[in-house]
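Chains as they are written, first to last, in this note's numbering: chain A, 1255 to 1495; chain B, 2 to 317. Shown next, in structure tokens, is the structure this report addresses.
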Amino acid sequence: MTSLFARQVGIAARLQPTDLGVESGELVALVGPNGGGKTSLLRALARIEGAAGQVSIADEDLDQCSLARRRQLLSFLPASRDVTWPIAVRDVIALGLDRPDPARIDELIALLELDPLAERPVDRLSTGERARVLLARALAPSPAVLLLDEPLSNLDPYWVLRILAILASAAQSGQAVLVALHDLGQLDHFNRALLIADGEVKMDEAPAGLMASERFEDVFRIRALNGAWSIRRQADPRSSQ
Amino acid sequence: MLLAILLLAAAIAHLLLPVGPLREAQAMDPELADLILAQLRLPRTLLVLGYGAVLGISGAALQAMFANPLASPDISGASSGAALGAVLGGYWLGLTQPLLLAACGATGALATLALLMTLAGRRADTATLLLAGLAISLAAGAATSLALALAPSPFAFYDAFDWLMGNFTDRSLAQAAAALVPAGIASILLLRRARALDLTALGEDVAASLGLKPRRLALEVIAFSAIAVGACVSVAGAIGFVGLVAPVFGRHISRGHPGRAMAPAAAIGAILLVLADMVVRAVPLDRPIPVGVITALFGTPLFVWLVVTMRRRVTA
Chain A
1255 MTSLFARQVG IAARLQPTDL GVESGELVAL VGPNGGGKTS LLRALARIEG AAGQVSIADE
1315 DLDQCSLARR RQLLSFLPAS RDVTWPIAVR DVIALGLDRP DPARIDELIA LLELDPLAER
1375 PVDRLSTGER ARVLLARALA PSPAVLLLDE PLSNLDPYWV LRILAILASA AQSGQAVLVA
1435 LHDLGQLDHF NRALLIADGE VKMDEAPAGL MASERFEDVF RIRALNGAWS IRRQADPRSS
1495 Q
Chain B
2 MLLAILLLAA AIAHLLLPVG PLREAQAMDP ELADLILAQL RLPRTLLVLG YGAVLGISGA
62 ALQAMFANPL ASPDISGASS GAALGAVLGG YWLGLTQPLL LAACGATGAL ATLALLMTLA
122 GRRADTATLL LAGLAISLAA GAATSLALAL APSPFAFYDA FDWLMGNFTD RSLAQAAAAL
182 VPAGIASILL LRRARALDLT ALGEDVAASL GLKPRRLALE VIAFSAIAVG ACVSVAGAIG
242 FVGLVAPVFG RHISRGHPGR AMAPAAAIGA ILLVLADMVV RAVPLDRPIP VGVITALFGT
302 PLFVWLVVTM RRRVTA
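Right under this line is the structure:
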């Protein structure tokens, strides 16, 4: 079942017009060099101002549907963890919901182990703690599509694994999950990967095939050597071919 | 609830105190006492309450919009711009209609806020915002002085001094209405954006992904704040610090939510301005001191405290 369908989405000078379809239950990684367009693609899919094209989720055009409906269709988590105001953790999560739902908030607080922080102002937390709070906000309405920009940055190893598990179970329950990330070691946890560079989607396949390809190494300017990534030298015979 | 009771008490106290003249009038002629209450005391009380509430609401809205607890009608230069607009309208265009003067004040405030947005951007860091606001305030202040000095009427300067820094004496019901009707409408429109402003706390991108239009919201906040502040300034002068301080306490009540802080900030702003005006009336001088002097006197230490706590948070 197609969950998200994007037609000719783009952002002037940042992202070429792109078509994209994501099935419900898919866990999709967006990888690519800095400035390649991962964030731009997520922003275009989230219909943030300045985005061209058309996005529909569950056959509903996002630009046409009501604010309440939109919350059920998608959540966007930006890479920035900044919150200006001293809002309590519990209240930040509540901002993700259309109407008060203490049971759902408790559930998310338990899921992300935020109990000891629940009443603390979010602007006083560490970056990693804020990352969990803001992810909880994005998860709160259980939307059809999750667009997450680097949700695994600033996290300790335990939380990287925990959140990968949370995302996997979100996908299992039928949500479509798109995640921008930098750590190529995390790609194994995804069932589809997009390679994004120069403002376009260069490759779109299973993570294993992606990483094995020459194009992947070209774009990232690295190569696999003895089971680890290393910087590709200018004189590398493969790149001169 | 407590806030509502305090607000009511402050309003009644402001209306009835000092009670001596009312008693004397009552003894001479009951109708005279009613007249004093309805024609003199009531416009003043309404104006003080309304202006204080406007400062609280627009201060909270501007702070939410700029994502900065130091944005406010005075620091952004909006009050100075409104004063300039009203001075130009009153002394150069010869306008006397309160509503037209209110329009001039709103135009001046709008021009300064638009300039601030252009100079500093929507989510400027504190230094940029303060410096741009300071530059605009100084320029508007200088332009106001110049406009008064060169005004056709030689008495403009003395005349204007009486209201420029805040004065509520002898305002008619028509003047109060000219300030409060547009300000009231603009304030209601601001209050209706509380939820949207709360969501911008998560960042403009999140707000936009939820279907809000951050750019349009910013323009609305600027336009409505300018109308509300401009109309009040044109009748009662530019009053500082209330719009800066009331939202800080408002956010304590709204548990940090910047948009939801508007309503409590309105009540707190009204209470603060009522207290300041009661101080003005209580000071035994033969000519009234401007209300803005009182609010600055009490507001400056609070402002310093705010800056110090902000700096501590940044360095922590």
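For glycine and all other residues, C-beta sits at the position ideal for the given N, C-alpha and C.
DSSP three-state assignment for B:V234, whether helix, strand or coil: Counting from one through the second sequence, the residue named residue 234 of chain B turns up at place 233. Per DSSP, reduced to three states, the secondary structure at B:V234 is helical.
A:E1303 and B:A10: beta carbons closer than 7 Å? One-based indexing of the first sequence puts residue 1303 of chain A at position 49. One-based indexing of the second sequence puts residue 10 of chain B at position 9. Taking 7 Å as the Cβ cut-off, A:E1303 and B:A10 do not qualify as a contacting pair.
Does any CB atom of chain A fall closer than 7 Å to the CB of B:R194? The residue labelled residue 194 of chain B in the question sits at position 193 within the second sequence. Judged by the 7 Å Cβ criterion, B:R194 is not in contact with chain A.
Proximity test, Cβ basis, 7 Å: B:P74 and chain A: Locating residue 74 of chain B in the second sequence gives position 73, where the first residue counts as 1. Residue contact check for B:P74 against chain A: no CB pair falls below 7 Å.
For B:V284, count the other beta carbons within 10 Å of its own beta carbon; 16 or more makes it buried, fewer makes it exposed. Which is it? Counted from its first residue, the second sequence places residue 284 of chain B at position 283. The residue in question, B:V284, is exposed, as its Cβ has fewer than 16 Cβ neighbours within 10 Å.
Taking Cβ-Cβ distances shorter than 8 Å, what residues in chain B pair up with A:P1375? Position 121 of the first sequence, counted from the start, is the residue given in the question as residue 1375 of chain A. Result: G257.
If you draw a straight line from the C-alpha of A:M1457 to the C-alpha of A:E1383, how long is it? Position 203 of the first sequence, counted from the start, is the residue given in the question as residue 1457 of chain A. Position 129 of the first sequence, counted from the start, is the residue given in the question as residue 1383 of chain A. Each residue's Cα considered, the two are about 33 Å apart.
Got a sec: is the Cβ-Cβ distance from A:I1341 to anything in chain B below 7 Å? Translated into positions along the first sequence, residue 1341 of chain A becomes position 87. Chain B contact via Cβ: present.
Let me see if you follow: with CB-CB separation under 7 Å, is A:I1302 close to chain B or not? Position 48 of the first sequence, counted from the first residue, corresponds to residue 1302 of chain A. Cβ-Cβ to chain B under 7 Å: yes for A:I1302.
Check whether the Cβ atoms of A:R1261 and A:G1307 lie closer than 7 Å to each other. Taking the first sequence and counting its residues from 1, the one referred to as residue 1261 of chain A is at position 7. Taking the first sequence and counting its residues from 1, the one referred to as residue 1307 of chain A is at position 53. Their beta carbons are under 7 Å apart, which means A:R1261 touches A:G1307 by this criterion.
DSSP state of A:P1271, grouped into three classes? Residue numbering aside, residue 1271 of chain A sits at position 17 when the first sequence is read from its first letter. If DSSP states are grouped into helix, strand and coil, A:P1271 belongs with the strands.
Neighbour list for A:F1330 in chain B, Cβ cutoff strictly below 9 Å: The residue given as residue 1330 of chain A occupies position 76 in the first sequence. Chain-order list of chain B residues neighbouring A:F1330: D206, V207, A209, S210, L211, by C-beta distance under 9 Å.
Quickly, what does DSSP pair A:P1375 with across the bridge? List them, please. Numbered from its first residue, the first sequence carries residue 1375 of chain A at position 121. DSSP, once it has assigned bridges, lists A:A1342 as partnering A:P1375.
Through-space distance from B:V243 to B:G134, alpha-carbon basis: On the second sequence, position 133 is the one that residue 134 of chain B refers to. On the second sequence, position 242 is the one that residue 243 of chain B refers to. Cα-Cα distance, rounded: 17 Å.
Relative to the alpha-carbon of A:V1473, which residue among A:I1485, A:G1481, A:N1480, A:A1462 has its alpha-carbon at the smallest distance? Against the first sequence, residue 1473 of chain A aligns to sequence position 219. With distances taken between Cα atoms, A:V1473 lies closest to A:I1485.
Suppose the cutoff is 8 Å on Cβ atoms and the five residues either side in sequence are ignored; what does the same chain contact list for A:F1444 look like? Locating residue 1444 of chain A in the first sequence gives position 190, counting from the first residue. Taken in chain order, the residues that qualify are L1281, V1282, A1283, V1433, P1461.
Could you tell me whether the Cβ of A:T1338 comes closer than 7 Å to any Cβ of chain B? Indexing the first sequence from 1 puts residue 1338 of chain A at position 84. Answer yes: the Cβ-Cβ gap between A:T1338 and chain B drops below 7 Å somewhere.
Distance check for B:N168 and B:M66, CA to CA, integer angstroms please. Locating residue 66 of chain B in the second sequence gives position 65, counting from the first residue. Locating residue 168 of chain B in the second sequence gives position 167, counting from the first residue. So the two alpha carbons sit approximately 29 Å from each other.
Listing by chain order, which chain A residues have their CB less than 7 Å from the CB of B:D35? If you number the second sequence from 1, residue 35 of chain B lands on position 34. Per Cβ cutoff of 7 Å: no residues; B:D35 is ~47 Å from chain A at best.
Does the beta carbon of B:A264 sit closer than 7 Å to a beta carbon anywhere in chain A? Working through the second sequence from its first residue, we reach residue 264 of chain B at position 263. Chain A, which has no Cβ nearer than 7 Å to the Cβ of B:A264, makes this no.
State the CB to CB distance for the pair B:A267 and B:I58, rounded to an integer number of angstroms; the pair is presumed to be in contact (CB under 8 Å). On the second sequence, residue 267 of chain B is found 266 positions in, with the first residue counted as 1. On the second sequence, residue 58 of chain B is found 57 positions in, with the first residue counted as 1. Correct: roughly 5 Å between the Cβ atoms.
Taking B:R261 as the reference, which of B:L174, B:L149, B:L198 has the closest Cα? For this step, residue 261 of chain B is matched to residue 260 along the second sequence. In terms of CA proximity to B:R261, B:L198 leads the group B:L174, B:L149, B:L198.
Assuming B:A187 and B:G60 are in contact, meaning their beta carbons sit under 8 Å apart, how far apart are those beta carbons, in whole angstroms? Within the second sequence, the letter at position 186 stands for residue 187 of chain B. Within the second sequence, the letter at position 59 stands for residue 60 of chain B. Between the beta-carbon of B:A187 and that of B:G60 there is about 13 Å, and that puts the pair past the 8 Å contact cut.
Taking beta-carbon pairs under 8 Å, can you tell me which members of the stretch 1287–1298 of chain A lie near chain B? Listed by position along the chain: R1297.
Strictly under 7 Å for the Cβ-Cβ distance: is B:A62 near chain A by that measure? The residue given as residue 62 of chain B occupies position 61 in the second sequence. No - not a single Cβ of chain A is within 7 Å of the one on B:A62.
Tell me, please, whether the CB atom of A:L1321 is closer than 7 Å to any CB atom in chain B? Within the first sequence, numbered from 1, the residue matching residue 1321 of chain A stands at position 67. Chain B contact via Cβ: present.
Counting Cβ pairs closer than 8 Å, one from the stretch 91–101 of chain B and one from the stretch 295–306 of chain B, do we hit at least three? Because the criterion of three Cβ pairs below 8 Å is not met, the stretch 91–101 of chain B and the stretch 295–306 of chain B do not touch.
What is the DSSP secondary structure of B:L298, reduced to helix, strand or coil? Within the second sequence, the letter at position 297 stands for residue 298 of chain B. In the three-state scheme derived from DSSP, where H, G and I count as helix and E and B as strand, B:L298 is classed as helix.
Are any of the Cβ atoms in chain A nearer than 7 Å to that of B:A197? Numbered from 1 along the second sequence, position 196 holds the residue referred to as residue 197 of chain B. Interface criterion not met: the Cβ of B:A197 is under 7 Å from no Cβ in chain A.
Flag A:S1334 as yes if its beta-carbon sits less than 7 Å from any beta-carbon of chain B, otherwise no. Numbered from 1 along the first sequence, position 80 holds the residue referred to as residue 1334 of chain A. Interface residue, yes.
Start and end of the alpha helix (DSSP H) containing A:G1307? Locating residue 1307 of chain A in the first sequence gives position 53, where the first residue counts as 1. Careful: A:G1307 lies outside any alpha helix (DSSP H), inside the beta strand (DSSP E) at 1305–1311.
Hey, B:L16 and B:T46 are a contact pair by Cβ (cut 8 Å); roughly how many whole angstroms apart? Within the second sequence, the letter at position 15 stands for residue 16 of chain B. Within the second sequence, the letter at position 45 stands for residue 46 of chain B. About 5 Å; that satisfies the 8 Å criterion.
Considering only residues of the same chain and omitting the five flanking positions on each side of B:T316, which have a CB-CB separation below 8 Å? Counting from one through the second sequence, the residue named residue 316 of chain B turns up at place 315. Per-residue confidence for B:T316 stands at a pLDDT of 49, beneath the threshold of 50, marking its modelled position as unreliable; the derived number appears in the next sentence. Excluding residues within five positions, none has a Cβ falling inside 8 Å.
Given a cut-off of 7 Å on the beta-carbon distance, is the pair A:R1391 and A:I1347 in contact? Locating residue 1391 of chain A in the first sequence gives position 137, counting from the first residue. Locating residue 1347 of chain A in the first sequence gives position 93, counting from the first residue. Closer than 7 Å, so yes.
Whose Cβ in chain A lies nearer than 8 Å to the Cβ of B:P215? Residue 215 of chain B sits at position 214 when you count from the first residue of the second sequence. The contacting residues are E1303.
Residues in its own chain within less than 6 Å of B:L303 by CB, not counting five upstream and five downstream? Start at 1 with the first residue of the second sequence, and residue 303 of chain B comes out as number 302. Result list for B:L303: V246, in chain order.
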